[in-house]
Structures are given as structure tokens and as C-alpha cells.
Amino acid sequence: MASVDAISNRPAAHRGLRGLSDRAIAWLFIAPTMILLLAINIFPLFWTIYLSFTNYASNRPNRPVVNVGLRWYRDILNSPEVWAAMQATAHFVFWTIVLQTVIGFGLAYLIDRKFRGHALWTTIILIPMMLSPAVVGNFWKFLYQPQIGLFNHVISFFTGIPASSFEMLGSVALAPWAIVIVDTWMWTPYVMLICLAGLRSIPDYIYEAAEVDRASKWRQFWSITLPMALPFIMLAVLFRGIENFKMFDMVTLLTGGGPGSTTELASITLKRQAFEAYRTGYSSAFAIILFVAVFGLANIYVKALNRVKQR
Amino acid sequence: MKTILKTATALATVGFVFAASQTAAQADELTLCWAAWDPANALVELSKDFEKQSGTTMKYEFVPWPNFADRVLNELNSGGKLCDLLIGDSQWIGGSAENGYYVKLNDFFDKEGIKMDDFAPATVYAYSTWPKVTPNYWALPAMGDANGWFYRKDWFAKPELQAEFKAKHNRDLAPPKTWEELKEIAEFFQGREIDGQKVYGAAIFTERASEGITMGATSALYPYGFKYETTPGKYDMEGAVNSEDAVKGLEMYKAIYKCCTPPGYTDSYMGEGLDAFKSGQVAMMMNWFAFMPGMAKDEKVGDKTGFFVNPGQKIAASTLGGQGISVVANTDNMEGALAYIKWFSQPDVQKKWWALGGYAAHNVVLNDPGFKDSQPFAAQFLEAMGGVQDFWQEPAYASLLQAMQKRLHDYVVADKGTAKEALDGLIVDWTAIFKEEGKL
Amino acid sequence: MSAALSTAHSVVEPTVTAKRVAAAVVILYALISLVPLLWIFATGWKTPPDSISYPPKIVFNPSLEGYCNLFTTRTRQTSEYIQALGPPQGICDKVTRQREMVIAGPSNYMPRFVNSLIIAFGSTFLAVSLGVLSAYAFSRFKIPLADDLLFFILSTRMMPPIAVAIPIYLMYREVGLSDTALGMILLYTAVNVSLAVWLLKGFIDEIPREYEEAAMIDGYTRLQAFFKVVLPQAATGIAATGIFCLIFAWNEYAFAVLLTSGSAQTAPPFIPTIIGEGGMDWPAVGAGTTLFLIPILVFTVLLRKHLLRGITFGAVRK
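Chains as they are written, first to last, in my numbering: chain A, -12 to 298; chain B, 5 to 444; chain C, 1125 to 1442.
Written out as C-alpha cells, the structure is:
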């Protein structure tokens, strides 16, 4: 079987008029992507790192820029507000992942039973994730209103608790759960799809062999289904985790970070510092810290994921 | 596959051509940016005269209040050319003047004979000058405004309620003169059944994201004696921001929030208050005078609405709103923009502005003997403007506002700490900001 | 039907009861998760007072006010003024006058929607194009430091959008790309291309090299082989990647709200600012949300088979 290298070493006779060398094609194909990423991702990243050591404020472009060393980093790591925001973010990420994984995998498993019409219902379940998170946050604010919104009245209908007696968005205890519920509603279909792909990738013959060995359905689930779907589940957890760590739009429009700062996630604090207080230097440092955190965690996670894949 | 590719390419080409061909504004057009609220609609009506006179086409960019500051300040900071004229909030003057976003209008005023003396001094001070108390003008006072109150005078007039209230509190059920009276009235109405519906005491400002709760709470703080600095210009906040009286004022605001507001009003500002009042949920509503003309004409509650000025306590004080109209420095149509300002400053235009529902700041309107009777809220407006106080107008105002929003919302809505702790914490936040600014 | 054949299927086929239970649970979940959507859709057909009535109205008189309010700006006028105008022109004029209001002009919804179309489809096209080219190169050629480059490409997605927006805001300000469709297209492309490269590399890896090699032996150049042989094979992957990129760009909010204001603003920052005479104009918001969902819904339903394939990114092998 001819290898790629053999082909690219073909004599010049096979390179026609329009034929560029493979080397040229490789670089031609990659260059635009790299240039774009350099311009829009890498250069700004370095600029951010530079800014994080200065006192630059984007609403005072004419003020002289002063080097402040590690002051912002120290301030941020010592700031109780920042830690509160990280905690709110951690709570959000943890619970959304748990709920979405459990419900998503459960749904995928049931859909994999392939009952009649499952394709249609799968498509219907997918609809929430096609909406804009900002628009979702906005209209769930409407749904959560104790008097005119649907949510409280539905709960009241099923449990008898009066609709006006609790406020999902205004109560310090309930607001963190309000945002978890909305995110779960939106993104469980996504996790479900990934798990479904995972379940479908398990070949039938493995189950047949297990049946021959008279393994119970329960046993089959734990020894075959779950382990073989695990890489997919972990992938879903990774993607949802990264996305929810960055969460900004849905929560901003749903609670604005309130009540007080109960649901002020890291990105919301960042936005306030960067685009309302215009503390560009400070927020650049915060951005770097967040990036390093996600990058580090993702790195560790992906190594674990690769090990699971190789089993 | 091929068809999809072809269609996609076509669409993309169209898109790129369109994107690349975006050009600047056409000749003789002006874009005026303001908040999206009743007075803006009135201004559109008013400006039709200008369009006829000058042949300039007016375009408008109205942004709802919760997003107005964010959107416009970002636009100004990024050197955008969206707005030629901007009716910007009074607190933006410091930053906009110092960063060169607004055109300094002194020379223009002198040339055209526009005198600042013709406008109410409170409005010139608040909406036009920076630094304060200097004759440097960056805006023409466009819209006078203060925080006031709306109430259901039909409910207040019900004989059975009047009797009950009088028996309980030994005075008539009437618009309150102090915050303590306000609270009593709010408690009186809270949870009462009126006309078959459960109603609540009052709708007040609790909005977290932009400026809502600050505007609301200061309406209680100012009458109790809250001040920003002990000595104006020295940034000495200790004892002014967190005086015992100030603490009492803040506690009063929270008490009213806790006892006497409708459920779910944890993040409410102008729109939510209007909805609550119009749908008959509340007996009293805190809101800007700007909404009074519209409310007086409302089909449901117009004739049932009364107005009262912000209650005093130790002093009479109201939270200042209102805006001045400025020319954005990097406009492409400087002549047109200045022509608009000139037209707007004329006495008969100002009179028509008031008639259409805008709050003219020109003396020819305010000092007119018939002014007080021209509208059911005119007298209250004059009274309010006599005692208005504004938030910081510093260039760093956005950070100062953010800090206050957080401290207030944490205390009032999220039940964190005491009023004293909130105000003490606020001083700490503000000191840090002023230090960064080099003012302390 | 399946009962009679229950003994004749493979042993891994679930039992009828299992299928029924599964169906019941899934359908129940689907219906519950549809309720908020149906509510918002219904709200688009209510009158503003109905939309904020308490308790919420499930049965109501449908009205076109939501959709009319979405597309127009209106002012309140006195009845005399309205009488003095001629007869209403068009159905929205009629609806508006019933509320004692007059249409003052078109709203910004259509321009924002069009901006969304241009920016989202433009950036998707660009991201997928660049992505498929780069993915092919990574897949077929030995690129130095390929694995590291690929991980680096993916890691560009790990920064919170606000964090990325800070320098981009400054950069665009200098270069004059603030509030331009071009600026937004470039930004979204850059964000999407990383995902596109990853997804498409997985798909292209699965296309056996023999096909291109056979074509090249037959005299095609590599470029021709790429366009005529590989691309058609990768159609599924391209479709799946296209959907994901489109969904991201179509629904994006953070960059749009920070980097655009008038000319290039898309629909997501606009819809939550649609206010009526008091607070939010919920029927108009409902209408706007419904209309905004339709293109994505259509696109996704048409390509739903590819979506399933794409979701695993080829990153996990059988």
C-alpha cells in the first residue's frame, strides 16, 4: 500500500501544471487558519498578558501606561469577591454536569431501545439547544416571575405550594438552582446525543456473547454498556464543563448575577470589571488566571480521557 | 453537495461584499441617541419641525435604559460613529468631557447667543458643566427629571379606607410627607383586597445590573441626610456616607422592600414598576417624572393616578435624573448637529417640548405663571427640582456606581450584613477607586 | 406486531415492555421540555396585557400585536389625531390603532436579523472552508508538531469570550473594525475554525487514502484529488461541522453585545431589549424568539442525520 510519503516523493513528472508539490499544498492549506488564529487568538492573548501587568484603562486611552507588576494578580487571588464568583461558578458547573450527565445518559439509553418514533422524539428533545442562550435567559426570566410566569404556577399546581410564596430568581437559596435548571433544560440534549453516539458504537456481538454467557441485563449494563460508553460520557463532561466554566450570556440575562452576587459567575465579574469599570489591566489578569485554570484542568482531564480510551 | 456548495459560496460572497461595503452615514442625516422611553417618542414628534425647517433627516437610536449606559459608553470608548447627537445621562459628563467624547459648546453658545442663564440653574449644574461649578459647558440641558411617586388616588379616596386609616394612624390617608408616613401607607395597602384583587403597597427600584437600586435607595438616603462627601471636592466620605442618619435611611428602604412590595420584584426598574402600577398591583410606585405625562394619559389608570414628590425626612430631597444633549466629537455632521442644538434651545421649541411630554429646562417654560397648572404633576416637578441631588459625575462614575449597586443589592435583596456594614463597605470600595484615580 | 415476533428477533433486541417504558419516559421528557418553548411561542400570539396577566393565561384570544410590535415602532396618540389620519394601511396598522397608537416606523428587528444571517452564514462558510483545508493537511501530511498544534488550536476555545473580547475590543478600535460585519465574521471564524479543524480531521481520517491515491495514479493532481474525491466523501462531516459552527455563530451573544452597537448588531443582543410601554414587550419578544429559531430549526432538521455522526468529533474511535 503506497504511503503518503511515497506519493509525495513522486518524481516531478507527476506534478502537472496546476499541481503544486504536496509540501506547498500542506502549507497553503494550513496557513490561512494559522494566520487567522495568530491574529485573533494568539496576538491578543499576548497583548492580554502584557496588559495584565499595567494599569491600562480602556476608557482613558490617553493616560500614561504604568507597569504595576503582579499587583492585579495579588489583588485577584486575595479578593473575596473573586473567590465568591469562583465558588458560584464551581457550584454551577458541578451541578449542571451531574444533572445533564445523568439525565442525558438516561435518555440516550432509553432512546437506544429504539422504540417506534424514537427519531422524531429525539429531534424534538434537541430543540432547546438550538436557541440562543441569551434569548433563553431572557425568556426564562419571564417564566420564573412568581406572579405572571408559568414556572411557579406549574409547581403550585403539582405541589400545592402557593405560586407567590417563593421566588426562584430573587431568593438567595433558590437562584443558584434556577440557573442550573435552565442550563440543564438547554443542554441535556447535547449530552444525550454524545452518549447516544457512544451507545450506538457498541457492537451487537458483544451483547450476544454476553447473552450466551447468560449474563443478566444488569450485569451487561455495568460490564459492557457503561464502560464502553464511558469515553463518550467523559467527552460530554469535558465539553459541557469547559462551556459552563465560561458561562456568561444565559446567566447575565436571567439573573444579572443577582440577587446581590449570588449567581455572579466568573465571566460576569470579568465583564463588569472590563467593560463597566474599565479596569482593563485588572480584568486582563483575571482573564489569564481563568484561562490557565481551564487549560490546566482540561489538560489533566484529557490525559485521563486518553487513558480511558486506550483500555 | 455541489448545489449546497454553490449556494453557500453565493451567500458568502454577497455577505462579504455587503460587509466590506459598509460606508459612513449619508449626507445631511443626523443620528440622535437616547434611551428608549416615553420622552424619546415625544422628541421624535418634536423633531419633525426641525426636519421640515432644515431638510435634515433625523434618525434615532433608542436603547432601553438597562442597556443604555453599557451600549453607548462602549460606543464612545471604541470611537464609534453611531451617534451624532447624544442625550447622555448626567453622570457621563465627567468621563466624556475628559476623554474628549463631547464637543465643548462654550464658543458655539457664545456665537449663537444661547445663554446658560436661560436654563434652570440646577439643570445647568447637573447636566452641562464639568468640572462642576465651572463655566465649561458640554451639553445643553435637554430633559429635567427627578425621581417621584405615582399613587392610586381613587383608592386613597375610598371612604372605608380613609376611615380605617384615620382610625389607625390618626391622620388622613393622603400622599406622605415623610418616609415613615410612606411606610405606614405601604403597610396599610399590602395584601389588601381591592376590587376583587390582592394588591401590594409599593413598587420600588431594585434593579441590579445598571443603576436601579442605587437610584431607588438614594431617594430614601438623601432625605435622611446622606451625603457623598463631608466637604465637597475633598472625597472625605467617612461620616457623610455612613452617618447614623444614612444608616437609618438605608434601613428604611430595605424595610419597605421587605414588607410592602409585590412578590418577584427583586430586579425591577422603570418598566417593571410601570407594569405593576398599570395592572393595578400596587398603591404607590416610585418612578421618574419622565413617565408622568404618559401615565396621566393611560387608558386604564390615567385618571386614577395622582403624583407626589419624593417624601422628605430630615430634609426635602429627590434623586436627580435628567439629561443634557451633547454633540459627539467624532461626528461626521458637526454643522447639522450644532444646528439641532441651536433649534432645540429656542423658547418656542422648548414650550412645545413641554407640551408634548418632555421636561424642558428652559426658564421660559418653568417660570411661566401657568406652568404649575399645566399638568397635574407640574407643581411637584418644580418642587422636586428645587431639592435634587445627583450621584457622582466623576470620570470613574461607572466603577463608583457598580460598587454601590453591589453593596445595596447585597444588603437590601440578598440579606447580607447590616446597613452600617453596607455603607462602611461602600466607603472602602470608593476609597480604593479614588486612590486608583489619583484623587486620594 | 412485535409481540407475535418476539421470539424471532435477536437476543439483544429489547422486549416490548422495555420499549414501551422507554418510549413513555422519553416522550414524557420531550413534552416537558417542550412546555417552555410552547409557552414562548404562545406568548408571541398574546396581547401585551394578556401576556402579563396573573395568573398566567393558558386560554387567550390570539392577536397579531406581538408580531406587529416586533417589526414596528409606535407612538401613542390621541383618538382625534388617529381619526384625522386616513384609513389604516395594512393589518398591523389596524392592530396598532386599536390600541390608540400609530406606527412611527420600522423597528430594528429586520436589520438585526439580516445581520445575523450575514455574519453567521458568512463565518460558518469561512470556518468550514478553512477547517476542511487544514484538517486535510493535518490528516494526510506530516506536519511538524502536529499534535501540539492541534491541542493548541483546541485550547483557543478555552478562554471565556469576555476575556477574548478585551484585547479584541482594543484591537478592533485601533483598526476600525468595531461594529462591522467583517470584524464579527473574522472573529466568529477564528473561534469556530478550531472546532472545525478538530471535527473535520476526525472525518477525513476515516476516509481511506486509497481513494485519493487511486485518483492520483490515474493522473489527478493532489489538489484535484482533494476537490473531486475527498470533499464529496467528507460531505457528512462538513454538514455536521457546518451545523455546529452555525449554531454557535447564530446564537452568540457576548462578542456581539460588546463589539457591536448599531450597524453590525445581531439579533441575540437585540431581542432582550424589546420593550413595550412599560417593561418588556413579551409578545414581541416571543415573536422575535420564534422567528429567530426558525432558520436554525430548519437547517438542523434537514441535516439531523449528520448531526449524530458529527457529535463524536471522530475523537473517540470504535
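Backbone N, C-alpha and C define an ideal beta-carbon position, used for all residues, glycine too.
Where does the unbroken beta strand (DSSP E) through residue i begin, and where does it stop?
| i | result |
| --- | --- |
| B/N291 | V286 to W292 |
| B/W38 | E33 to A39 |
| A/S203 | Unbroken run through A/S203: none, as it is neither H nor E. |
| A/F145 | It is not in any beta strand (DSSP E) - A/F145 instead sits in the alpha helix (DSSP H) that spans L137 to T146. |
Ends of the alpha helix (DSSP H) at residue i?
| i | result |
| --- | --- |
| B/N140 | Neither: B/N140 is in no alpha helix (DSSP H) and is coded neither H nor E. |
| B/D111 | N110 to E116 |
| B/G81 | Gly is not the amino acid found at residue 81 of chain B; the sequence shown has Asn there. That run of the alpha helix (DSSP H) goes W69 to N81. |
| A/Q297 | Where A/Q297 is concerned, there is no enclosing alpha helix (DSSP H), given that its DSSP letter is neither H nor E. |
| A/N300 | A query on residue 300 of chain A cannot be resolved here, the shown segment of chain A reaching from -12 to 298 and no further. |
| B/I91 | No alpha helix (DSSP H) contains B/I91, which is instead part of the beta strand (DSSP E) from L89 to D93. |
| B/N367 | N367 to L370 |
| B/Q397 | Looking at the DSSP string, B/Q397 is not in any alpha helix (DSSP H), and its letter there is neither H nor E. |
| B/A101 | I97 to E102 |
Given that a residue counts as buried once 16 or more other Cβ atoms are within 10 Å of its Cβ, and exposed if not, what is residue i?
| i | result |
| --- | --- |
| B/T235 | exposed |
| C/H1430 | buried |
| B/I217 | buried |
| C/V1440 | Because C/V1440 sits at a pLDDT of 45, beneath the cut-off of 50, its placement in the model cannot be relied upon, and the point is left open. |
| A/V238 | buried |
| B/V107 | buried |
| C/N1185 | exposed |
| B/G195 | exposed |
| A/R227 | buried |
| C/I1156 | exposed |
| C/M1234 | exposed |
| C/F1265 | buried |
| B/F317 | According to the sequence provided, residue 317 of chain B is Gln. The question's Phe does not apply to it. Buried, because 16 or more other Cβ atoms sit within 10 Å of the Cβ of B/Q317. |
| A/L231 | Looking at the sequence shown, residue 231 of chain A is not Leu but Asn. A/N231 comes out buried. |
| A/V89 | exposed |
| A/E154 | buried |
If you drop the 5 nearest sequence neighbours on each side, which residues of the same chain put their C-beta closer than 6 Å to that of residue i?
| i | result |
| --- | --- |
| A/L86 | T171 |
| A/A261 | S270 |
| B/A146 | I91, Q327, G328 and I329 |
| B/Q95 | F395, Q397 and Y401 |
| C/L1257 | none |
Apart from the five residues just before and just after residue i, which ones in its own chain have a Cβ nearer than 7 Å to its Cβ?
| i | result |
| --- | --- |
| A/P115 | W172, M173 and P176 |
| A/A71 | S248 |
| B/N246 | K424, L427, D428 and I431 |
| B/D158 | K308 |
| C/S1302 | Y1296 and L1383 |
| C/F1165 | G1410 and T1414 |
Give me, in chain order, the residues of the same chain whose beta-carbon lies closer than 8 Å to that of residue i; leave out the 5 immediate sequence neighbours on both sides.
| i | result |
| --- | --- |
| B/Q393 | T222, Y226, A321, S322, T323 and L324 |
| C/I1420 | L1370, I1371, W1374 and N1375 |
| C/Q1201 | E1224, M1225 and V1226 |
| C/F1350 | Y1260 and E1336 |
What distance in whole Å lies between the Cβ atoms of residue j and residue i, which are believed to be in contact at a cut-off of 8 Å?
| i | j | result |
| --- | --- | --- |
| A/T250 | A/A75 | 6 Å |
| A/L38 | A/T267 | 6 Å |
| B/E65 | B/L50 | Contact doesn't hold; Cβ gap of about 17 Å is too wide. |
| C/R1281 | C/L1324 | Rounded, the Cβ-Cβ distance is 15 Å, inconsistent with contact. |
| A/N28 | C/A1314 | 6 Å |
| B/G340 | B/D32 | 6 Å |
- prompt: Is the region 1287 to 1300 of chain C in contact with the region 1237 to 1253 of chain C, if contact means three or more CB pairs nearer than 8 Å?
  reply: Taking 8 Å as the limit for Cβ pairs, the verdict is that the region 1237 to 1253 of chain C does not touch the region 1287 to 1300 of chain C.
At a cut of 8 Å, does the region 379 to 386 of chain B reach the region 401 to 420 of chain B through at least three beta carbon pairs?
No contact exists between the region 379 to 386 of chain B and the region 401 to 420 of chain B.
Q. So does the region 178 to 198 of chain A actually touch the region 158 to 169 of chain A, counting three or more Cβ pairs closer than 8 Å?
A. Not touching, per the Cβ criterion.
**Selection of the region 74 to 102 of chain B by Cβ proximity to chain E, strictly under 7 Å** = Looking for chain E here will not work: the only protein chains present are A, B and C.
Practice prompt. Count the C-beta pairs between the region 431 to 439 of chain B and the region 358 to 370 of chain B that are closer than 8 Å, then say yes if the count reaches three, no if not.
Written response: no
Would you be able to state if there are at least three C-beta pairs under 8 Å between the region 98 to 107 of chain B and the region 403 to 412 of chain B? Output reads no: the region 98 to 107 of chain B does not touch the region 403 to 412 of chain B.
Checklist line | Touch test, the region 94 to 110 of chain A against the region 1142 to 1150 of chain C, Cβ-Cβ under 8 Å, three pairs minimum | finding: yes
| Cβ contact (3+ pairs, closer than 8 Å) linking the region 156 to 176 of chain B and the region 253 to 265 of chain B | no
If we count Cβ pairs, one from each stretch, closer than 8 Å, do we get three or more for the region 38 to 49 of chain B versus the region 288 to 303 of chain B? By the Cβ test, the region 38 to 49 of chain B is in contact with the region 288 to 303 of chain B, since at least three Cβ pairs between them sit closer than 8 Å.
* Asked: Within the chosen definition, does the region 1136 to 1146 of chain C reach the region 1385 to 1396 of chain C through at least 3 CB pairs nearer than 8 Å?
  -> no
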